[in-house]
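Residue numbers (this note's numbering): 2 to 319. Even glycine gets a Cβ: it sits at the ideal position worked out from N, Cα and C. For clarity, every value in this text was computed on a predicted model and none was experimentally measured.
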Amino acid sequence: MKTRLLLGMLAASLCLSSCSKRNQAPPTNRTDRSSKTPATRPADKPEKPRIPSLIALDLGGEVKMMLVLIPAGKFLMGGEASAAETARKFQEYGSQESYYVGEHPQREVNISKPFYMGRWEVTRPQWRAVMGSEPWKGKKCDRPGAGDIANHVSWDDANKFCLAISKKTGRKFALPTEAQWEYACRAGSKSAFSFGDDELKLGLYAWYAANALGVNEPHPHSAGQKHPNILGLYDMHGNAAEWCRDWYAEKFYQTAGDTDPENTEKTEHRVLRGGQWDLYPDACRSAYRFKDAPAARRCGYGFRVVIAVEPSVDLQND
Ligand SMILES: [Ca+2]
């Protein structure tokens, strides 16, 4: 009886695929795709070249900058939990609800164009190759083990770098908007961090208070030592805080447009994202926003850059 039942189920299961095909109505007109699509593409319609997922731009002196392709798409921008819940979750670090209100309301944002983003925060060799200077030299965090991240740079400095590297390479470099930054950081995730919600895993992906400042390493660390996110971007959480293109406004998310939002309305501060080597996990979350004056230079401040996929597309520098 059991055998018969099994055979019956097997027959039924096979029938799900083969019988349904038999029962399909035949093509009723000549627009059926399989009968029209030629085996090869006509010679006058060449296949569109594939966009490389990683490019390396030569900055001279054997210094290169690698940039990762970030596809266009939609995502939920902003706090993964309410400001009150986030404050409760991170209360052991002295968190307060007011730290997180700027992350709300969480909203769907459309990043309408693909772009390339620096695989790493801008490094010291890259900065030297473009600017010929060393803004971190002699600062309190310039000490053995400080690694190769270009830090102690202001927003104004970072913007000058973008202008100079654009001139050098012929590509239009810019700082990412904070929407581009969070989209790239999240890499499809909706959790507190790009790898999930478990802050105990943060040390695998980030230099932050527990494994930098807290172990007497009060400085950024060299690029690419931790795990990248799923897009291949390193140190989006922690290490250097990253300047973004927008002016900071705490209520910007309440009024910003849904497609490629950017706050171009002047305020006293520019946006920083990703937390930094001396901050707690709450400030290294994908959604966390903070700010400083455009001229502020601090040991924790660095940046990464973006360029358009098509060289002809303009990315605005202020
Ligand atoms: Ca960072």
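Give the C-beta separation of residue i and residue j to the nearest angstrom, bearing in mind that I take them to be a contact with Cβ-Cβ under 8 Å.
{"i": "residue 193", "j": "residue 286", "result": "5 Å"}
{"i": "residue 117", "j": "residue 166", "result": "Contact doesn't hold; Cβ gap of about 13 Å is too wide."}
{"i": "residue 134", "j": "residue 283", "result": "So it is not a contact: roughly 34 Å between Cβ atoms."}
{"i": "residue 131", "j": "residue 60", "result": "6 Å"}
What residue range does the beta strand (DSSP E) around residue i cover?
{"i": "residue 130", "result": "Counting along the chain, residue 130 falls outside any beta strand (DSSP E), though it belongs to the alpha helix (DSSP H) covering 125-132."}
{"i": "residue 291", "result": "290-293"}
For residue i and residue j, what's the separation of their Cα atoms in angstroms?
{"i": "residue 305", "j": "residue 84", "result": "27 Å"}
{"i": "residue 140", "j": "residue 209", "result": "20 Å"}
{"i": "residue 246", "j": "residue 258", "result": "16 Å"}
{"i": "residue 312", "j": "residue 172", "result": "6 Å"}
{"i": "residue 124", "j": "residue 224", "result": "7 Å"}
{"i": "residue 170", "j": "residue 53", "result": "18 Å"}
{"i": "residue 74", "j": "residue 249", "result": "24 Å"}
{"i": "residue 260", "j": "residue 276", "result": "25 Å"}
{"i": "residue 71", "j": "residue 180", "result": "12 Å"}
{"i": "residue 26", "j": "residue 113", "result": "Below a pLDDT of 50, predicted positions are generally treated as unreliable, and residue 26, at 36, falls in that range; the measurement from the model is reported next regardless. Answer to the nearest angstrom: the Cα atoms are 40 Å apart."}
{"i": "residue 104", "j": "residue 122", "result": "23 Å"}
{"i": "residue 255", "j": "residue 278", "result": "30 Å"}
Look up residue i in the DSSP assignment and give the residues it is bridged to.
{"i": "residue 1", "result": "Coverage of the chain is limited to positions 2 through 319, which leaves residue 1 absent and any answer about it impossible."}
{"i": "residue 59", "result": "65"}
{"i": "residue 303", "result": "243"}
{"i": "residue 80", "result": "Residue 80 is not bridged to any residue."}
Which stretch, first to last residue, makes up the alpha helix (DSSP H) that contains residue i?
{"i": "residue 162", "result": "156-170"}
{"i": "residue 187", "result": "179-187"}
{"i": "residue 205", "result": "203-206"}
{"i": "residue 253", "result": "253-256"}
- Contact between the region 288-295 and the region 89-97 (3+ Cβ pairs under 8 Å): In this structure the region 288-295 does not lie against the region 89-97, because fewer than three pairs of beta carbons, one per stretch, are closer than 8 Å.
- Message: Assess contact between the region 159-170 and the region 185-205, defined as three or more Cβ pairs (one per stretch) separated by less than 8 Å. Is contact present?
- Response: Judged by Cβ distances under 8 Å, the region 159-170 makes no contact with the region 185-205, as fewer than three pairs qualify.
- Message: Three Cβ pairs or more, each shorter than 8 Å: is that satisfied between the region 293-304 and the region 237-254?
- Response: Flag = yes, the region 293-304 and the region 237-254 touch.
- Are the region 65-80 and the region 102-114 touching, with three or more C-beta to C-beta distances below 8 Å? The answer is yes - the region 102-114 touches the region 65-80, with three or more Cβ pairs under 8 Å.
- Query: Can we say the region 266-275 touches the region 195-202, given the rule of at least three CB pairs closer than 8 Å?
  - Reply: The region 266-275 makes no contact with the region 195-202: fewer than 3 CB pairs, one atom from each, lie closer than 8 Å.
- Message: Taking 8 Å as the cut-off, does the region 144-159 touch the region 211-226 (at least 3 CB pairs, one atom from each stretch)?
- Response: Using a Cβ-Cβ distance cut-off of 8 Å, the region 211-226 and the region 144-159 are in contact, since at least three pairs of beta carbons, one from each stretch, lie closer than that value.
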